[in-house]
Amino acid sequence: MSSRPAILIARNIFPEVVDKLRQHFEVDTNEADAPLTPAQLAERLQGKVGVLTTGSERVDAALLAACPQLKVVANIAVGYNNFDLPAITAAGVLASNTPDVLTETTADFGFALLMATARRLTESEHFLRAGQWNRWALDMFAGAEVNGSTLGILGMGRIGQAIARRGALGFNMNVIYHNRSRLNAATEAECKARYVDKAELLKSADHLILVLPYSAESHHAIGAAEIAQMKPTATLINIARGGIVDDAALAVALREKRIAAAGLDVFEGEPQVHPDLLTVPNIVLTPHIASATIATRKAMAHLAADNVIAFLTEGKTVTPLNPEVIGQG
Ligand code: 8YV
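So in our numbering the end of the sequence shown lands on 883, straight run, no missing numbers.
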């Protein structure tokens, strides 16, 4: 029997990252890539000291109690609402995420989704593919202006700031934002973004993009009441997390044209998608791919691996969520 520590990679990742981990650990993989149920995850984690997770694995008090030998949980994502961080910290387990490496790529995608939604890209492509294009018309698929319009950003962390720069510098947009805490003046000036309260953000944005973390506090931050405050010509873009938007209320609002259109990369209960969202035309839907470039997904997997290696071989952290556990127990 090997004396090397054993870890689990809960979902399929790049072979080069698996090889890197195998230099240090006995590595169990999930090459079938089917998300593990909580019971399967607990079973696969027996005897393991570390795990690389994605948004499909929940790490909570029940899992930690079933896996008392676990020392580190490394999420291959910047968002970590699949972690019960207080429970992980209470168990003395190190948690990490993958900030920074996906910021620009995710902001690019946010802009792509905004452009596609405002300019009705998928709706017009479906029309063309269906053989319905038999003449050009002046108002055919006429959408909303992006350049020079007002971009509203809800959640102004790293990704929100990167989107603000794209809007202000690349598209000459008037950028307004709302966040739990206001940015310092230097960062606001650099992003060319103006802080407003949520009511003004909803009322003034031509395009509203959501980039805030999911929590009990942000659950349904955009529901029927908020949509009612938006311009009827506005677009709504969610690249943050499912559950921040009330998807059922959004489907009704889109059907009734209370706002012009929506672009969604994340969904409540994904990979399930609210059936009513699938039948409204004025929507662009993508399967949670905002960070999905090969380079960025590799960088995320490497960073998660580096967190596990640094912690288990040297007791060090790279991008910890709860650095206070170092030195505990
Ligand atoms: C991940 C994401 O790919 O980083 C995040 O928070 O949403 C995506 O970049 C996804 O969560 C899989 O873990």
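Even glycine gets a Cβ: it sits at the ideal position worked out from N, Cα and C.
Just so you know, these numbers come straight off a predicted model, no measurement behind them.
Residue from the options with nearest C-alpha to residue i
| i | options | result |
| --- | --- | --- |
| Ser-557 | Phe-695, Tyr-749, Arg-612, Gly-601 | Gly-601 |
| Arg-674 | Val-862, Pro-835, Thr-660 | Pro-835 |
| Gly-709 | Val-647, Gln-686, Ser-678, Ala-661 | Ala-661 |
| Ile-763 | Asp-801, Ala-816, Pro-825 | Ala-816 |
| Gly-797 | Thr-789, Ala-807, Ala-770 | Ala-770 |
| Gly-721 | Gly-664, Lys-752, Ala-807 | Gly-664 |
| Gly-869 | Asn-629, Ala-631, Gly-646 | Gly-646 |
| Ala-619 | His-761, Glu-597, Asn-629, Trp-687 | Glu-597 |
| Ile-793 | Glu-810, Ala-802, Tyr-768, Ala-778 | Tyr-768 |
| Glu-744 | His-761, Leu-723, Leu-756 | Leu-723 |
| Ile-630 | Asn-566, Pro-825, Arg-812 | Asn-566 |
| Arg-812 | Glu-585, Glu-699, Ala-716, Leu-756 | Leu-756 |
| Arg-809 | Leu-818, Ile-837, Gly-823 | Ile-837 |
| Lys-785 | Ile-717, His-761, Ile-561 | His-761 |
Nearest-angstrom beta carbon gap, residue j and residue i [assumed within contact, 8 Å]
| i | j | result |
| --- | --- | --- |
| Thr-652 | Thr-873 | 7 Å |
| His-531 | Val-820 | Any property of residue 531 remains undetermined from this structure, which presents the chain solely from 555 to 883. |
| Asn-876 | Thr-643 | 4 Å |
| Arg-748 | Ile-730 | 5 Å |
| Thr-704 | Asn-726 | Between Asn-726 and Thr-704 the Cβ distance is about 11 Å, and since that is not below 8 Å, they are no contact. |
| Gln-783 | Ala-753 | 7 Å |
| Val-700 | Leu-668 | 7 Å |
Short Cβ contact (7 Å threshold) for residue i with residue j
| i | j | result |
| --- | --- | --- |
| Ala-814 | Thr-787 | yes |
| Ala-855 | Phe-568 | yes |
| Val-655 | Ala-853 | yes |
| Val-626 | Pro-559 | no |
| Leu-766 | Ser-758 | no |
| Ala-778 | Ala-803 | yes |
| Leu-599 | Glu-611 | no |
Whole-angstrom distance between residue j and residue i, CA atom to CA atom
| i | j | result |
| --- | --- | --- |
| Leu-831 | Ala-672 | 17 Å |
| Asp-614 | Ala-641 | 6 Å |
| Ala-593 | Leu-624 | 15 Å |
| Tyr-634 | Ala-649 | 9 Å |
| Asn-733 | Trp-690 | 43 Å |
| Phe-865 | Ile-563 | 16 Å |
| Ile-863 | Ala-805 | 45 Å |
| Lys-574 | Glu-679 | 43 Å |
| Ile-880 | Val-750 | 39 Å |
| Ala-684 | Val-605 | 46 Å |
| Gly-706 | Glu-658 | 18 Å |
| Ala-628 | Val-571 | 13 Å |
| Asp-800 | Glu-824 | 13 Å |
Status (buried if at least 16 other CB within 10 Å, exposed otherwise) for residue i
| i | result |
| --- | --- |
| Leu-590 | buried |
| Glu-780 | buried |
| Pro-829 | exposed |
| Ser-735 | exposed |
| Thr-871 | buried |
| Gln-715 | buried |
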